[in-house]
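Since the structure comes first, as structure tokens, the remarks are kept for the end.
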Amino acid sequence: MSVNADLNGSIAVGLLSAPLPSRIISAITDAGGEARFVGGVVRDAVLHHDKSDHPGDIDMATTLHPDDVVRVLKGAGLRVIPTGIAHGTVTVVAPQNPPHPSPQTPGPVVELTTLREDITTDGRHAEVRFGTDWTEDARRRDFTINSMSLDHHGKLHDPFGGLADLKAGIVRFVGDAETRIREDYLRIMRFFRFYSRFGKTAPDAEAMQAITLLAEHLDRISGERMGHEMRGIMAAGHLPGLKAMMRAGVDRLIAPGGFNLDGMEALLALKGFDAPILRLGFIIAGADRQATATRLRLSRREARQLALADDAVDAGSLEGGDWQQQAWPLLRSGEQAPEDLASRYAMSAIRQSGTVDQAAYRRLNEWHLPVMPLGGDDIRERGVPAGEGIGVILRRIEAEWAASGFQLSRDDLLKKLDDILATE
């Protein structure tokens with residue numbers, strides 16, 4: 204049975220007074236239809252969350268047929284982009300904004316979808332038909348916490364108990380978990396992403412049973428979609444969520460050797476160490492990194508991040524008073540940035556001693572790598588022929604510069620260069 208509940212007034216006002224959604228609601232209402240907020244924007248508003256899965260984006264649904272949506276909204280002076288019109292979805296933006304917001308051109312984007320129900324599914328895609336029944340549309344959504352909608356009167360519609368589950372920190376499927384997963388196997392990963400973000404209790408038993416049974420079908424899901432969900436899971440930094448993935452055997456579909464969570468609690472407690480791929484690299488074996496990068500379709504930059512966990516350093520040497528002299532040789536090639544060394548330090552420290560010196564980690568993250576005010580050209584100008592000899596001399600001078608705490612000036616270094624050449 205559908206349950207209606209009044210939503211916190213300030214939240215409702217915030218959503219309903221937003222200019223673009225207000226214009227959409229007004230146009231659709233005038234045309235005899237209804238439009239509501241749905242999905243993440245309602246869920247996050249209930250919890251007063253400022254962070255949503257798609258910052259700047261707002262999900263809405265409507266009873267109007269997609270063709271009527273396009274006609275009505277264009278007639279109201281809005282830009283309508285048929286991004287997924289075959290499945291009932293259009294992107295609506297204010298006339299002055301581009302299809303996607305950016306720091307240069309801010310503005311909300313509304314993804315507006317006609318109510319629908321599935322006819323057939325194959326585990327990846329669904330054939331749908333359009334409808335006007337809000338409860339039936341909510342029934343096809345993945346989790347109860349995502350099945351709520353907010354109408355233009357500010358009333359929350361909650362046919363499957365999503366509000367109670369959200370407040371209790373329970374993530375469960377709408378209806379039968381196995382059936383819902385077979386409709387789209389990506390829902391396995393989505394379960395762990397939402398559980399990692401909102402879960403406050405043990406994972407739902409029915410969901411875990413179905414996931415364990417069907418996890419092997421994740422090989423049908425594209426790497427891009429898997430990677431998106433995995434980034435969200437790691438960004439949440441939720442140890443129980445990772446443990447649940449291991450219990451269901453999902454970790455071995457990400458990395459052949461599975462996850463190793465030794466030290467992960469300490470890493471998650473480290474302020475500032477929040478890059479999802481770095482966290483993932485810490486819990487998988489070095490031999491699995493290439494397979495994981497390929498499975499999740501990681502970018503080259505992300506693949507390099509994944510490998511940083513293998514690049515161990517002597518953590519203790521970076522915690523003492525001469526840490527800059529110790530750090531500089533590790534970065535002098537220019538292949539890594541100070542923040543990369545900070546990450547290497549943190550992971551190495553946990554593996555070597557079980558703890559991280561927060562001050563040392565912060566120093567490395569904030570450090571601006573010094574540049575020696577003398578180079579190979581200065582040596583050549585003094586008559587030294589091109590070749591290995593220049594590199595040998597340069598490294599001798601670099602060593603003295605680093606030993607001074609990078610305090611020697613250019614004049615100081617030129618004098619040392621002359622002294623070296625005089626003894627050659």
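Counted the way the working numbering counts, the sequence shown spans residues 204 to 627.
The beta-carbon is built from N, C-alpha and C at its ideal position, and this holds for glycine as well.
Treat the numbers as computed from the prediction; the structure is a model and nothing was measured.
Check	Outcome
Can you tell me which of PRO311, VAL244, SER229, VAL249 puts its alpha carbon nearest to the alpha carbon of VAL272?	SER229
In or out: PRO285 buried (at least 16 other Cβ within 10 Å) or exposed?	exposed
List the DSSP bridge partners of SER352.	VAL241, HIS360
Between the alpha carbons of LEU276 and MET433, how many angstroms are there, rounded?	36 angstroms
Tell me, please, whether the stretch 259 to 267 touches the stretch 221 to 238 by the rule of three or more beta-carbon pairs shorter than 8 angstroms.	yes
Counting beta carbon pairs with one atom in the stretch 464 to 476 and one in the stretch 493 to 502, are three or more of them shorter than 8 angstroms?	no
Are the stretch 540 to 547 and the stretch 568 to 578 in contact at 8 angstroms, needing three or more beta carbon pairs?	yes
Please classify PHE397: does DSSP put it in a helix, a strand, or coil?	helix
Just verifying my parser: in three-state terms, what is the DSSP assignment at ILE593?	helix
Per DSSP, ARG282 is paired with what?	VAL296
Give me the Cα-Cα distance between ARG428 and LEU389, rounded to the nearest whole angstrom.	8 angstroms
Quick one: give me the first and last residue of the alpha helix (DSSP H) that LEU414 is part of.	First, the residue type needs correcting, since residue 414 is Ile and not Leu in the sequence shown. ILE414 -> alpha helix (DSSP H) spans 408 to 417.
Kindly indicate which residue of GLN561, PRO443, HIS431, GLN412 has the alpha-carbon position closest to the one of ALA518.	GLN561
Decide yes or no for the touch test of the stretch 370 to 377 against the stretch 340 to 353: beta carbon pairs closer than 8 angstroms, at least 3 of them.	yes
Reducing DSSP to helix, strand and coil, say where VAL273 ends up.	helix
Among the residues of its own chain, which have a CB less than 6 angstroms from the CB of LEU458, if the five just before and after it don't count?	Just to set this straight, residue 458 is Ala in the shown sequence, not Leu. The residues are ILE487, ASP491, THR495.
Tell me which residues share the same chain as ALA605 and place their Cβ nearer than 7 angstroms to its Cβ, disregarding the 5 neighbours each side in the sequence.	GLN528, TRP531
Taking its Cβ as the centre, do 16 or more other Cβ atoms sit within 10 Å of GLY217, making it buried, or is it exposed?	exposed
Who are the near neighbours of ARG585 in its chain, counting only those whose CB is closer than 8 angstroms to its CB and skipping five residues on each side?	LEU620, ASP621, LEU624
Using a 10 Å radius around the Cβ and a threshold of 16 neighbouring Cβ atoms, would you call LEU416 buried or exposed?	exposed
State yes or no: is the C-beta of HIS512 within less than 8 angstroms of the C-beta of GLY484?	Here residue 512 is Ala; the residue named in the question, His, does not match the sequence. Their beta carbons are under 8 angstroms apart, which means ALA512 touches GLY484 by this criterion.
On the DSSP bridge list, what partners appear for PHE476?	According to DSSP, PHE476 bridges with nothing at all.
Should GLY430 be labelled buried (16 or more other beta-carbon atoms within 10 Å of its own) or exposed?	buried
List the residues that DSSP assigns as beta-bridge partners of ASP262.	GLU314
Measure the CB-CB distance between ILE436 and ILE414 and report whether it falls below 8 angstroms.	no
For GLY643, which residues of its own chain have a beta-carbon under 6 angstroms away from its beta-carbon, when the five flanking residues on both sides are left out?	Here the chain covers residues 204 to 627 and nothing more, so residue 643 does not appear.
Give the DSSP-derived three-state secondary structure of GLY452 in the structure shown.	coil
Can you check whether the CB of GLN508 is closer than 8 angstroms to the CB of ILE480?	yes
Return the CA-CA distance between THR382 and HIS356, expressed in angstroms with no decimal places.	34 angstroms
Check each candidate in LYS403, ARG565, ASP387, MET411 and name the one with the smallest Cα separation from SER421.	Here the sequence assigns Leu to residue 421, which means Ser is not the residue at that position. With distances taken between Cα atoms, LEU421 lies closest to ASP387.
Looking at C-alpha atoms only, which residue of PHE363, PRO298, ARG332 is the closest neighbour of ILE288?	ARG332
Compare the C-alpha of GLY243 against each of ALA380, ILE231, GLU314, VAL296 and name the closest.	GLU314
Buried or exposed: HIS360, going by 16 or more other Cβ atoms within 10 Å of its Cβ?	buried
Taking the alpha-carbon of THR497 as reference, which of GLY579, GLU320, GLY426 has the nearest alpha-carbon?	GLY426
Is DSSP giving PHE609 helix, strand or coil here?	coil
Thinking C-beta only, is VAL241 closer than 8 angstroms to LEU366?	no
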